[in-house]
Structure formats: C-alpha cells, structure tokens
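J.:
Protein chains in written order, with the numbering used here: chain A, 1 to 133; chain B, 1001 to 1196.
Structure below.
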C-alpha cells in the first residue's frame, strides 16, 4: 500500500515538474529584443565559423585567420609526421656533432702530434717499421 | 556532417532556453549571454564535423562546462572584489535604462489576469530555481526542461542514474514545497494554460 502511495506521489511530482518546465519554456520565449538580437548575433557568428570550418579555413574569435594552427588541426597525421621528422633530424645532427667532438678530443689527447694523423706517408712507414721488427 | 543551415536551425531552437537556464545558474544576464554565445561558437568550431543529431548533447555539455569555467573565474574575481570592496564602490550602471531591455516579444494576447498570474508564478519559480543547489538545478533542467532521459542526464552530469533520480526528486520536491507555500499547487499551475 505504501509503495502504491509512493508511486502515486512520484507521478504527481513528475507531472508537476513537467508543468513547471512547461512554464519555464513558455517564459523563455519572452525575452527582451536586445537579448534576442544578441543571441542572433552569436548564432550568426557561430554559423559563419561553422561554414569556414567546413570550407577548410579557420578563423579566430577576433576574425583573424588562424592558418597554421588550422592547417595543423586539419592535417593532424601530416603535422605529427613533420614533428617526428624534425625530432629525428635533430637527433642525427646531435649525434654527428658529438662524434666530431670525440674525434677532436682523441686527436688532442693522443701521444702523437696531430700532424702525424694528417701525413699520408706516416701510416705506411709505421707499418714498414712494424714489418721489419 | 551538419550543414550551416541545420546548425542555424538548431541554435535558433535552443538559444532562448539555454539563455534562461544560464541566467538561473549564474544570475547575471550579461554573463549568461556571453556564456551562450561562447557555447555556440565552440560548438561550431570544434564539432563542425558532427551530425546534427549529436548537437543537443554536445551543446548542453559545452554549456555546462562553460558555466563551470565561469564559476571558477568568478570565485577568483569575488575574492579580489571582497578584498577591494572596503575601499568603497559606487553603484555604477544602475541608472542605465534601455527600453529595449524591457520590451518583451511574443507577448501572447492571453487574458490579462492569466498573464499576470503567470508572471507572478514565474517570479516565484525563478527564485526557487535559483535557490536550488547547482547539481539539483542541473538535473532538473536537463531531465525535465531539456527532456532528456535519466541515462542521458547521468551521462551529461557525469554521475550515476541513481544520483540523477535523487537530485531530480529533491529538486522537484523543493520546488513543489515552495510553490505550495505560495498557494500554487499542481492544479493552479495547470490552470495557467501551459502544455506539458
């Protein structure tokens, strides 16, 4: 019995809620002209932005073109590829620079003078000396 | 993908409701207008590729999030206002009255008595709605005004269906008690000629 009463009360509350919502809806239709005009402006701006999105040109809120970010947004895979390529290129350059640094360090810290490594006849004569021994 | 015309029709259909819902939540007409306009732009810019059938949910979600952002910003601003208010603030802008602000459109040619009763009832309902806790108001608006089902409302609010039912039940109960206190029972509201 109490469950039945509870259900009845819930149904009544539900009906009342819908009546209140109906009143609110009716009241929402009666806005001032100024408000309606501003809503219309907002809607027009949104529709314009939508049309530009669809046509592939993005425009910022202030009306300026946002070509780079718009391009990146629309070509996500390509832009991700470009970023990856830039990272790899940076890595390769860093590696070659560090290799050059280590060879410079080797030349400077070796027992032989640097000219010995430049002289082409030095290595064959060194090898001949080894063979004679 | 929705066409621009479909978007325009959709926005025309929801903009007034969205504005009033935002006014009840933020209690500031200008802020509410900004929020609704911002929501429209975000929908158009970020979801241009979505079909129009997804717009109602997306629009409501953006609207609720934009309202939350507004509250967050407002919290910080209020802190500064409270700190600086002791230095004395004038009542700026109170004299600025524009007749356009008070001219209503679609003023139905109802019985004047019904119109008067309806506007009085609306004042009571609006005040009651503003007094509701934010989550209860959100649940009520989405469930009954936006006519979403419990599952959709729960998804929108990011909570369980049980929570939605609880929020709705409490909200409706509170509203019913307030209306009853003013002698506005279910029968009185239905006599105001609103279809449900």
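Glycine is no exception: its CB is placed at the ideal position from the N, C-alpha and C atoms.
Just checking residue 19 of chain A against the ligand SAH - is the residue's beta carbon closer than 7 angstroms to any of the ligand's heavy atoms?
T.: This structure does not include the ligand SAH; it has no bound ligands of any sort.
J.: Which residue comes first and which comes last in the alpha helix (DSSP H) that contains residue 1132 of chain B?
T.: From DSSP, residue 1132 of chain B is part of no alpha helix (DSSP H); its letter is neither H nor E.
J.: In its own chain, which residues sit with a C-beta less than 6 angstroms from the C-beta of residue 1055 of chain B, not counting the 5 before and 5 after it?
T.: If we look at residue 1055 of chain B and ignore the five residues flanking it on each side, its Cβ neighbours are 1010.
J.: Quick one: is residue 51 of chain A near chain B, going by C-beta distance under 8 angstroms?
T.: Residue 51 of chain A counts as touching chain B.
J.: Tell me, please, whether the CB atom of residue 104 of chain A is closer than 8 angstroms to any CB atom in chain B?
T.: No, residue 104 of chain A does not count as interfacial toward chain B.
J.: What are the boundary residues of the alpha helix (DSSP H) that includes residue 108 of chain A?
T.: Note, residue 108 of chain A: alpha helix (DSSP H), 76 to 109.
J.: State yes or no: is the beta carbon of residue 956 of chain B nearer than 8 angstroms to at least one beta carbon in chain A?
T.: Residue 956 of chain B lies beyond the stretch modelled for chain B, which goes from 1001 to 1196, so this question has no answer here.
J.: Would you say residue 46 of chain A and residue 1016 of chain B are within 8 angstroms of each other, going by their C-beta atoms?
T.: The answer is no: Cβ separation not under 8 angstroms.
J.: Residues of chain A with CB under 8 angstroms from residue 1145 of chain B, in chain order?
T.: The answer, in chain order, is 21, 24 and 25.
J.: What does residue 1131 of chain B touch in chain A if you count any residue whose Cβ is under 8 angstroms from its own?
T.: Here the premise fails: no neighbours, minimum Cβ distance about 14 angstroms.
J.: What's the C-alpha gap between residue 113 of chain A and residue 131 of chain A?
T.: Looking at the two C-alpha atoms, the distance is approximately 23 angstroms.
J.: When the cut-off is 8 angstroms and only beta carbons count, does residue 89 of chain A lie next to chain B?
T.: By this cut-off, residue 89 of chain A is not an interface position.
J.: Going along the stretch 1055 to 1069 of chain B in order, which residues come within less than 7 angstroms of chain A, judged by CB to CB distance?
T.: Flagged: no residues at all.
J.: For a contact meaning CB atoms closer than 9 angstroms, what does residue 1037 of chain B contact in chain A?
T.: Those are 38, 39, 41, 42, 43, 45 and 46, listed as they occur along chain A.
J.: Any beta carbon from chain A within less than 8 angstroms of residue 1025 of chain B's own beta carbon?
T.: False, the Cβ-Cβ gap to chain A never drops below 8 angstroms.
J.: Among B:1074, B:1031 and B:1021, which one has its Cα closest to the Cα of residue 1059 of chain B?
T.: Looking at the Cα atoms, B:1021 is the closest of the given residues.
J.: Kindly indicate which three-state DSSP category residue 1195 of chain B falls into: helix, strand or coil?
T.: Any answer about residue 1195 of chain B is weak, because its pLDDT of 48 lies below 50 and its placement is not dependable; what the coordinates show is given next. It is coil, neither helix nor strand.
J.: Buried or exposed for residue 42 of chain A, going by 16 or more other Cβ atoms inside 10 Å?
T.: Looking at its Cβ environment, which holds 16 or more other Cβ atoms inside 10 Å, residue 42 of chain A is buried.
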